[in-house]
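So the structure is just underneath, and the comments pick up after that.
There are 2 protein chains.
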Amino acid sequence: MTKERDKLSMSPEEVRTLCRNGSLTGPTSGFAKGRVQANMMIVPREHAFDFLLFCQRNPKPCPLVEVLEPGQFAPRCAEGGDVRTDLPGYRVFENGRLIREVGDIGEYWRDDLVTFLIGCSFSFESALIEGGIPLRHVDAGKNVAMYKTNIPCWSAGQFNGNMVVSMRPVKSGHVARAVEISGRFPQVHGAPVHIGHPGLIGITDLSSPDFGDAIPIFDDELPVFWACGVTPQYVAELSRIPFCISHSPGKMLVTDLTTS
Amino acid sequence: MTKERDKLSMSPEEVRTLCRNGSLTGPTSGFAKGRVQANMMIVPREHAFDFLLFCQRNPKPCPLVEVLEPGQFAPRCAEGGDVRTDLPGYRVFENGRLIREVGDIGEYWRDDLVTFLIGCSFSFESALIEGGIPLRHVDAGKNVAMYKTNIPCWSAGQFNGNMVVSMRPVKSGHVARAVEISGRFPQVHGAPVHIGHPGLIGITDLSSPDFGDAIPIFDDELPVFWACGVTPQYVAELSRIPFCISHSPGKMLVTDLTTS
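Line by line, the protein sequences give chains A and B.
Counted the way our numbering counts, the first sequence spans residues 1467 to 1726.
Counted the way our numbering counts, the second sequence spans residues 1467 to 1726.
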């Protein structure tokens, strides 16, 4: 319990330092309370316009926190930080295929790489909890359940695919409040994209999520679906561009930005 | 007066057709009431990532309405439209120098050109007027006064420069309401960037605007400054990229989108 409190009260810089020296290799959920955590995608400059356009056209699943210049690795939103070392884990892809999972990407760095930092739902989750809406996956210490849908994204160049959503069970009586609270965070996915009928967005079996952990839904609850920051990575994989790097699931960049 | 009403009640498609067949060569202000009008910048693909990044980093002066794929000229926001012909006038630049002002850009079109449509203040101006805040430049049939400032934009690649602002005199008692009303339009510049002291943002002489017409300010009024969609064009010129095209001042693309 002391340990949990320690995580929560750490500064973003402390979390990034732990990642950099190899002491933190697990998920960043629960660290540095109140700070924005970011998904990361790194693509070569040759593909950066199309990927930026994809994000601009699909702001709900791809809310941009920051885009760095080609070759730059020091983000404005994390003072003294380095995107090559300051996340707990990275995934390296070639032609859409995962080739390695690593703790830092120094050996893969190139001057033409463009880093995209993309908002993640950890920010609105704490607002939901504070608003009296418990989140089962958080209470159970699990990852949120995520699903591929039939909701098309607006394509850009070769980046093309359907939206990935995260699902949280919400008591029927709390659904309206969950919409209102998350709607206040347009920078991190905003209001839900669907409520109640998974089949209508192409999800056939809630007990088999495509990413994350299965989370049970009780009789007095509805499944509520939010646009998910896994979408840009999923679409980048589908595109089979020769090379890209993402953060490992749940292992985010902890930024200096506050969620409020 | 009938003519003015005709302009207001035209459909966006009718306005675009008038442009295409050469019947409308003047400003689009006052046409197709309630429709979003867009500033336009066209840059080669080689510079498109940096320019998109510049817009993404400076959303107040550069609120993106739509970005087209390289070589595409049919925008989603204007059905059946063509950005090469459907504006009343265009400016063609080489190395940051204006080389020609033309009525269509068919002869300049290339497969690598990327079109950016950027929000313009015509949208919130009608909301201000409806909110009981008269606009002197509109009443006088003049262009809004625009000034270069010392407010730096966040640069991206070679796109680098200060913000251009538009100025509207507002009665002191109406300033708060003007902020509230324009703040409801984050897609078109949003709330003012400065109120009251032009010297503090590097404007030395309000009677000599850098673009548009001089507009007098009365004793019971304050000058109110909004981020201006001329900024991206000004910055593109400063960058001296080999080739770019913009709309001619005041001669916008009238889209199908409604301002509400």
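Just so it is clear, CB atoms sit at the ideal spot from N, CA and C, and this is done for glycine as well.
(1) Between which two residues does the alpha helix (DSSP H) harbouring Gly1649 of chain B extend?
(2) Work out the CA separation of Gly1662 of chain B and Val1645 of chain B for me, nearest whole Å.
(3) Could you pull the start and end residues of the beta strand (DSSP E) that Cys1710 of chain B belongs to?
(4) For Trp1620 of chain B, does the count of other Cβ atoms within 10 angstroms reach 16, so buried, or fall short, so exposed?
(5) On the DSSP letters alone, give me the boundaries of the beta strand (DSSP E) that Thr1551 of chain B sits inside.
(6) Taking the continuous beta strand (DSSP E) assigned at Val1696 of chain B, which residues delimit it?
(7) Can you pull the DSSP bridge partners for Val1659 of chain A?
(8) Using a 10 Å radius around the Cβ and a threshold of 16 neighbouring Cβ atoms, would you call Asn1561 of chain B buried or exposed?
(9) Taking the alpha-carbon of Gly1537 of chain B as reference, which of B:Asp1577, B:Gly1623, B:Val1549 has the nearest alpha-carbon?
(10) Which first and last residues belong to the beta strand (DSSP E) in which Glu1687 of chain A is found?
(11) Compare the C-beta of Arg1557 of chain A against all C-beta atoms of chain B and say whether one is closer than 8 Å.
(12) Among residues of its own chain, excluding the 5 on either side of Thr1468 of chain B, which ones have a beta-carbon nearer than 6 Å to its beta-carbon?
(13) List, in chain order, every chain A residue whose beta-carbon is nearer than 9 Å to that of Gly1623 of chain B.
(14) With H, G and I counted as helix, E and B as strand and the rest as coil, what does DSSP make of Lys1608 of chain B?
(15) Taking only three categories from DSSP, how would you classify Arg1602 of chain A?
(16) The alpha helix (DSSP H) spanning Ser1589 of chain B covers which residue range?
(17) What does Leu1530 of chain B touch in chain A if you count any residue whose Cβ is under 7 Å from its own?
(18) If you measure beta-carbon to beta-carbon, which residues of the stretch 1501-1512 of chain A are closer than 9 Å to chain B?
(19) If Ala1593 of chain A sits next to Ile1681 of chain A, beta carbons under 8 Å apart, how far is it from one beta carbon to the other, in whole angstroms?
(20) If I'm right that Ile1647 of chain A touches Tyr1613 of chain A with Cβ under 8 Å, what's the distance once you round it to whole angstroms?
(21) Is Gly1569 of chain B near Thr1491 of chain B, with beta carbons less than 8 Å apart?
(22) Below 8 Å on the Cβ atoms is my contact criterion, and I expect Arg1550 of chain A with Gly1572 of chain A to pass it. Report the Cβ-Cβ distance as a whole number of Å.
(23) Tell me, please, whether the CB atom of Phe1709 of chain A is closer than 8 Å to any CB atom in chain D?
(24) Between Glu1532 of chain A and Leu1583 of chain A, how many whole angstroms is the CB-CB distance? I'm expecting something under 8 Å.
(25) Against Ala1514 of chain A, what residues of chain B qualify as contacts under a CB-to-CB distance less than 8 Å, listed in chain order?
(26) Which of the residues in the stretch 1562-1590 of chain A, read from start to end, lie with their CB under 8 Å from any CB of chain B?
(27) Should Asp1722 of chain B and Ala1544 of chain B be called a contact, given that it needs their Cβ atoms to be closer than 8 Å?
(28) Going by alpha carbons, who is nearest to Ser1587 of chain B out of B:Phe1520, B:Pro1554, B:Val1701, B:Trp1692?
(29) Mapping the DSSP letters down to three states, classify Ala1498 of chain A as helix, strand or coil.
(30) For a contact defined as C-beta to C-beta under 7 Å, what are the partners of Leu1719 of chain B on chain A?
(31) Please classify Arg1563 of chain B as buried or exposed, where buried requires at least 16 other C-beta atoms within 10 Å of its C-beta.
(32) Does any C-beta atom of chain A lie closer than 8 Å to the C-beta of Leu1518 of chain B?
(33) Take the Cβ of Gly1678 of chain B as the centre, count every other Cβ of all protein chains shown within 10 Å, and call the residue buried at 16 or more, exposed below.
(34) Hey, out of A:Val1502, A:Glu1479, A:Gln1624, A:Leu1484, whose CA is closest to Val1654 of chain A's CA?
(35) Taking the beta carbon of Glu1567 of chain A as the centre, do at least 16 other beta carbons fall within 10 Å, making it buried, or is it exposed?
(36) DSSP on Asp1516 of chain B, reduced to helix/strand/coil?
If we stick to the structure as given:
(1) 1641-1649 is the extent of the alpha helix (DSSP H) around Gly1649 of chain B.
(2) 13 Å
(3) 1709-1713
(4) exposed
(5) Element bounds for Thr1551 of chain B: n/a, residue is neither H nor E.
(6) In this chain, Val1696 of chain B is not harboured by any beta strand (DSSP E); it is covered by the alpha helix (DSSP H) spanning 1696-1705.
(7) DSSP, once it has assigned bridges, lists no residue as partnering Val1659 of chain A.
(8) Its Cβ having fewer than 16 others within 10 Å, Asn1561 of chain B is exposed.
(9) Among B:Asp1577, B:Gly1623, B:Val1549, the Cα nearest to that of Gly1537 of chain B is on B:Asp1577.
(10) Run containing Glu1687 of chain A: 1687-1693, per the beta strand (DSSP E) assignment.
(11) no
(12) Note that Thr1468 of chain B scores a pLDDT of 45, beneath 50, so its modelled location is shaky and nothing firm can be said.
(13) Glu1535, Pro1536
(14) coil
(15) helix
(16) 1588-1596
(17) Gln1522
(18) Legend: CB atoms of the stretch 1501-1512 of chain A lying less than 9 Å from CB atoms of chain B belong to residues Arg1511.
(19) 19 Å between Cβ atoms; not a contact.
(20) Not confirmed; about 22 Å, so no contact.
(21) yes
(22) 5 Å
(23) Among the protein chains of the structure shown, namely A and B, there is no chain D.
(24) 5 Å
(25) Phe1515
(26) Val1580
(27) yes
(28) B:Trp1692
(29) Taken through DSSP and simplified to helix, strand or coil, Ala1498 of chain A comes out as coil.
(30) Neighbours of Leu1719 of chain B across chain A, judged by C-beta separation under 7 Å, do not exist; the nearest C-beta is about 18 Å away.
(31) exposed
(32) yes
(33) buried
(34) For the residues A:Val1502, A:Glu1479, A:Gln1624, A:Leu1484, the minimum Cα distance to Val1654 of chain A belongs to A:Val1502.
(35) exposed
(36) helix
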